[in-house]
Ligand code: ATP
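In the numbering used here, the protein residues as written are 1046 to 1407.
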């Protein structure tokens, strides 16, 4: 139904600006793939090339067994949901949803059946007579989704569809979209700059930066084994801490902290012959209580507290170790204040290592 193949896709604007560089990706039928990256990384351009709204400079896009480079958007069997909903203001919700079917000369009976079915799935039956201006942002977004669903496309494309909603509604719509995807069994390609949206909804995440794919993987994969420093810092909130430390043989030395890298984690570090290395440790992997670690001479490090952010059951501590900002996520049991010095222990099995020059994972 809706598999997609991007083969060496490149996009150059006006033959100069290289917005998308050698993009290769296979999306299986029924996947929920999220393109994530900072503003300007090329995610919308890639989605728009798939939709047929932007010309492809080089490469091929296939949907199932059809090369679509020169296929009109309306004939690609896709449906796109935008962040600004793009509803017709003078039509009520029912007519907005029915519009594309009317254009295709679908019978009244079939239109009614499809609109009612989509309205049921989205829980919007009572809104069908309302016009967009009489609806909330969340309701409008549901109508926009409904308009896509009635077309029964093989592929849904979504470009930041939740970004105009308030924080609470965004969280709610995230789980609704996940459920909807399961119900429809369709392929979804979703663009966002919000790593939380990517982590919570994607079956696979594609992390982009400056027009290039940095990593493709399941949310867990990307969170636990980032390919490079960019991915490590982009995925996860608060971001992973990165510190420049000394390497003495197989021992990492960071202020008072000394650990021997466990044999199982040595991997490419065996052949790494520089004196310094970057380590990455997530805020939740530093603890204010002892952590069991077999190879540690001293796995404690002192952190001077500079700011405290209480989230509820967890507290984020912002501190400083040797001029380096470090964030730690701790249980809120103990109340820390600015100026306190906390002794932190690190979970040595959770440390990531990056080449000091290339910043690629080791
Ligand atoms: P955002 O989240 O801000 O929309 P994005 O990752 O979706 O970012 P794109 O919209 O794909 O980024 O843009 C990628 C790059 O291409 C940006 O640097 C942008 O300035 C540039 N760009 C986009 N459209 C054009 C255009 N029509 N002409 C020239 N450059 C463009």
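Using N, Cα and C, we set each Cβ at its ideal position, and we do this for glycine too.
As the structure is a prediction and not an experimental result, all values here were calculated from the model.
Legend entry - Identity of the residues DSSP links to residue 1135 by a beta bridge: Looking at the DSSP assignment, residue 1135 forms no beta bridge with any residue, so it has no partner.
Legend entry - Neighbourhood of residue 1295 by C-beta, 6 Å cutoff - its chain only, sequence neighbours within 5 removed: Within the same chain, residue 1295 has close Cβ partners 1305 and 1306.
Inset, instruction - Within the segment 1301-1363, note down every full beta strand (DSSP E) run reaching 3 residues or more, in order along the chain. - result: 1302-1305, 1321-1326, 1341-1343 and 1345-1355
Inset, instruction - Could you check the C-alpha separation between residue 1201 and residue 1162 for me, to the nearest Å? - result: 17 Å
Inset, instruction - State the Cα-Cα distance for the pair residue 1251 and residue 1393, rounded to the nearest angstrom. - result: 28 Å
Legend entry - Three-state secondary structure assigned by DSSP to residue 1406: strand
Inset, instruction - Assign residue 1137 to buried or exposed, taking buried as 16 or more other Cβ atoms, counted over all protein chains shown, within 10 Å of its Cβ. - result: Around the C-beta of residue 1137, 16 or more other C-beta atoms lie within 10 Å, and the residue is accordingly described as buried.
Legend entry - Any non-hydrogen atom of ligand 2 within 7 Å of residue 1090 CB: Ligand 2 is absent from the structure shown, which contains only ligand 1.
Inset, instruction - Could you tell me whether the Cβ atoms of residue 1249 and residue 1261 are closer together than 8 Å? - result: yes
Inset, instruction - Rounded to whole angstroms, what's the CA-CA distance from residue 1255 to residue 1245? Just pull it up for me. - result: 24 Å
Inset, instruction - Can you have a look at residue 1286 and say buried or exposed, based on whether 16 or more other CB atoms are within 10 angstroms of its CB? - result: It counts as buried.
Legend entry - Cβ-heavy atom distance, residue 1087 to ligand 1, below 7 Å: Correct: residue 1087 has its Cβ closer than 7 Å to ligand 1.
Legend entry - heavy atom of ligand 1 below 7 Å from residue 1084 C-beta: Inclusion of residue 1084 in the 7 Å shell around ligand 1 follows from its C-beta lying nearer than that to a non-hydrogen atom of the ligand.
Legend entry - Inter-residue spacing [alpha-carbon to alpha-carbon] between residue 1400 and residue 1130: Computed Cα separation, rounded: 44 Å.
Inset, instruction - Could you tell me if the beta carbon of residue 1062 falls within a distance shorter than 7 Å of some heavy atom in ligand 1? - result: yes
Inset, instruction - Assuming residue 1236 contacts residue 1204 (C-beta within less than 8 Å), just tell me the rounded distance between them. - result: 5 Å
Legend entry - Contacting residues, own chain, Cβ-Cβ under 7 Å from residue 1013 (five flanking each side not counted): With the chain covering only 1046 through 1407, there is no way to say anything about residue 1013.
Legend entry - Inter-residue Cα distance where the pair is residue 1320 and residue 1405: 16 Å
Inset, instruction - With DSSP collapsed to three states, give me the class of residue 1063. - result: strand
Legend entry - CA nearest to the CA of residue 1169, picked from 1310, 1219, 1064 and 1191: 1191
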